[in-house]
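Written below as structure tokens is the structure these notes are about.
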Amino acid sequence: MEQDPKMATHSAPRESDSLFDAPPMAEQERMVEAVLFASSEPVTLRDLEGRMPHGCNPGEAVEHLRKRYEGRGVRVVRVGEAWAMRTAPDLGFLMQKEIVETRKLSRAAIETLAIIAYHQPVTRAEIEEIRGVSVSRGTIDQLLEMEWIRLGRRRMTPGRPVTFVVTPVFLDHFGLESARDLPGLKELRAAGLLENRPPPGSLPLGQSEEDEDGGAQPELFEE
Amino acid sequence: MEQDPKMATHSAPRESDSLFDAPPMAEQERMVEAVLFASSEPVTLRDLEGRMPHGCNPGEAVEHLRKRYEGRGVRVVRVGEAWAMRTAPDLGFLMQKEIVETRKLSRAAIETLAIIAYHQPVTRAEIEEIRGVSVSRGTIDQLLEMEWIRLGRRRMTPGRPVTFVVTPVFLDHFGLESARDLPGLKELRAAGLLENRPPPGSLPLGQSEEDEDGGAQPELFEE
Amino acid sequence: MTEQNLFHEIAAQSVEERLAAEALIVDVDGYEGPLDLLLTLSRTQKVDLRRISVLELARQYLSFVERAKELRLELAADYLVMAAWLAYLKSRLLLPPDPSEDGPSGEELAAHLAFQLERLQAMRDAAARLMGRDQRGRNFFARGQNEGIQRIRTVTYSANLLDLMQGYARIRTKDDFRPFVMDRDSVFTMEEALERMRALIGFTGSWTDMLSYLPDGWHKDPVKRRSATAATFAASLQLVKEGRLEIRQSDNFAPIQLRSLEEEQ
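Residue numbers (our numbering), protein chains in the order written: chain A, 124 to 346; chain B, 124 to 346; chain C, 1002 to 1266.
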């Protein structure tokens, strides 16, 4: 089917203008296949380039490989800036043995995760504003520990609050090429639902400090 | 290249004598591919048969798959009674990547090394006294790991502290025949490396023998 | 009509909805704060969230609070704050605008509340869609047997004889400047901390308390401890800047934790 790999590797240089000619593309594809196959985690093009002989074009090789695996039981998928091989989702039923029971996430954790994914980079105060309740430390810690979120750059606003963003591990888990491929992202943006719209005047939502004197104003609750 | 997997999965039953017709061979091959890929251990035909829909012929599917991967970067190999996928042996070199970094030795490390070279054998407490700051264990460990220093004899003083001496590797690296070849303060000054007059009562340099019982001559380190 | 209204409406609902509504009254803990409750209440209006009547919603919420009081349920402060705010909003919506009053109009406030509800609902839907996706380890799988792609890092350090001699000369002559040097007995410099950290961070694959990096013997004396902590913190930030470390602090005054980024490089 393919040329013999040994031949390809050790063949005399063809008529080339360079002494250090890169291996033929078919051979580069084999190399990418072997590295992606062997690694359970996604591999960046840069890492591939570092591993392959000088002059290789891993980007092109990955593209060839991706096409070759189309429709197979295993696929070549993009995860952020990296590439990985994953089984086709329609064959998940064969993999009962491999299923790893993941810790069940609380509703708060799932919502917090979604807010971070769709609004990133987002501060804790913004998450609280959207959910209307304070975010428990455990929730953020759990997501950080799972490596689904990480700290982003600090927001250049007073107090320079930290922001949260999702990670390549998150993308890999949910089979997303990038955070731009989140389902319904465009529609949500078009509907203005991803805007950080400041409340007119001040609102009691997500501003837990104001709860402090909630009990001191009982007359407010009478109509 | 391949037929569409969905097509294969959902295609109408061919003229069959059974109601529970096995999936087409191409689909069986996909299944075997996914299972072999995702399994952490080699998989037996019996195990494959147990996982796949009724009526499948895993032996034939494995054979098809093995042929398909001939010459690729990944191979289907038999391991005892079971089957597994492995990267092609000729590509093993891609799985290791050597990164050689050259870093400038830190100032603390150089100073510590210099003190050991000029005063050997010398204890850690003495090095700290000469440098005027504590010597981190990381610095000593680094020099030990580089094999530029090694442990000398224990000092015969209370606590029997270990001493450090330089190694032949060190001498070789710095082009010295022995540590006594190190230039003394006078020479350093003559070479323009020292702009300042010597501190009153400064030490004779390069006379490492005298440090032998350095613990008994604490004044050596007083200036 | 206000508080009765909600209960009449509830009576007309399906059993399922009624159960949900009862749960709402008996078990406030089941709701994640006032906004969550408002979102649930807004569903009884059976309209698109964009067409929701905030006035009606305010009425529903306030009757809920009334009812909770009747049942002598303890309501968390934030529920009461929301009630107060909605009572205020209701009055702004019902009364003609007071020209002497500054600030946003009732309609603006109502529109923002509607926006918040719609946004929360949208995020819940998005979360459900996300969790409904094919997931790694459940629907698709990575290579089961990591054959171990290795990265062998070899660091060679360079230093020449001149470095060595200059280093020694520096030490042997620094006492000339002694009068100008402050007493550093209790001072741990950032430079020292940095040097210490550089040697140690390679081993920090998991989150580790920053304080565990303080040098031996610097923990007890408060003056030394303070200096070492400050220097170690400054050095950590420098290493974060160099991309060699990650740093996190989950809360005010919580432990500051570090993790090496070396392996991901």
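Think of the CB as a built atom: it goes at the ideal place given N, C-alpha and C, for glycine as much as any other residue. Please read all numbers here as calculations on a predicted model, not as lab measurements.
Secondary structure at T1209(C): strand, using DSSP grouped into helix, strand and coil. Taking 8 angstroms as the upper bound on Cβ-Cβ separation, chain A lies near residues M1132, R1134, D1135, Q1136, R1137, G1138, R1139, N1140, F1141, F1142, A1143, R1144 of the segment 1132-1144 of chain C. Using a CB distance cut-off of 8 angstroms, T290(A) does not count as an interface residue toward chain C. If you ignore the 5 residues before and after V289(A), its C-beta comes within less than 7 angstroms of the C-beta of I239, A240, Q243, W271, I272, A302, all in its own chain and listed in chain order. DSSP places F1116(C) in the uninterrupted alpha helix (DSSP H) bounded by 1107-1132. I1172(C): member of the alpha helix (DSSP H) spanning 1162-1174, first to last residue. Contact between M154(B) and L217(A) is confirmed by a C-beta separation of about 6 angstroms, below the 8 angstroms threshold. Interface annotation, M148(B): not in contact with chain A, CB-CB separation never under 8 angstroms. Distances from the CA of V166(A) to each of A1077(C), R1144(C), E1108(C) were compared; the closest alpha carbon is that of R1144(C).
R1249(C) is bridged by DSSP to Q1258(C). S1237(C) counts as buried, since at least 16 other C-beta atoms from the protein chains shown sit within 10 angstroms of its C-beta. The beta carbon of D1135(C) sits closer than 6 angstroms to the beta carbons of F1141 from its chain, once the five residues preceding and following it are set aside; these are given in chain order.
Residue burial is scored here from C-beta neighbours: D1222(C) has fewer than 16 other C-beta atoms within 10 angstroms and is therefore classed as exposed. Using a Cβ distance threshold of 8 angstroms, S1228(C) and F1254(C) do not count as a contacting pair. Taking 9 angstroms as the upper bound on Cβ-Cβ separation, chain C lies near residues I253, R254, G255, V256, S257, S259, R260, G261, T262 of the segment 246-262 of chain B. Around the Cβ of S257(B), a 10 Å sphere holds 16 or more other Cβ atoms; the residue is buried. R230(A) counts as exposed, since fewer than 16 other beta carbons sit within 10 angstroms of its beta carbon. Membership of F1234(C) in the alpha helix (DSSP H) is indicated by the continuous run 1223-1242. Neighbourhood of E204(A) in chain C, by CB distance below 7 angstroms: empty, with the nearest CB roughly 12 angstroms away. Here L1094(C) has V1055, L1056, A1059, G1107, E1108, A1111 as same chain residues with Cβ atoms under 8 angstroms from its own Cβ, once five neighbours each way along the sequence are excluded. If you look at T286(B), you'll find it isn't in any alpha helix (DSSP H); it sits in the beta strand (DSSP E) that goes 286-289. Nearest C-alpha to E251(A) among E234(A), L228(A), G194(A), V202(A): E234(A). The Cβ atoms of G1034(C) and G196(A) do not sit closer than 8 angstroms to each other. Under the three-pair Cβ rule at 8 angstroms, the segment 272-281 of chain A does not count as touching the segment 1161-1175 of chain C. Residues are counted here when their Cβ sits less than 7 angstroms from a Cβ of chain C; for the segment 271-302 of chain A these are L274, D295, H296, F297, G298, given in chain order. The C-alpha of A1129(C) lies about 51 angstroms from the C-alpha of D144(A).
I272(A): not part of any alpha helix (DSSP H); member of the beta strand (DSSP E) spanning 272-274, first to last residue.
In this structure, S259(B) lies near A1200(C), with their beta-carbon atoms less than 8 angstroms apart. Distance from the CA atom of P281(B) to the CA atom of D1217(C), rounded to whole angstroms, is 21 angstroms. Taken through DSSP and simplified to helix, strand or coil, V258(A) comes out as coil.
By alpha-carbon distance to P284(B), the top candidate from D304(B), S163(B), A232(B), A248(B) is A248(B). Pairing A205(B) with Q151(B) gives a Cβ-Cβ distance that is not under 8 angstroms. For K227(A), the three-state secondary structure derived from DSSP is coil. Within the same chain, no Cβ atom closer than 7 angstroms to the Cβ of R1139(C) is found once the five residues on either side in sequence are excluded.
Sixteen is the threshold: when 16 or more other Cβ atoms of the shown chains lie within 10 Å of the Cβ of S1043(C), as they do, the residue is buried. When C-alpha distances from S1187(C) are compared across A1231(C), T1209(C), Y1158(C), the shortest belongs to A1231(C).
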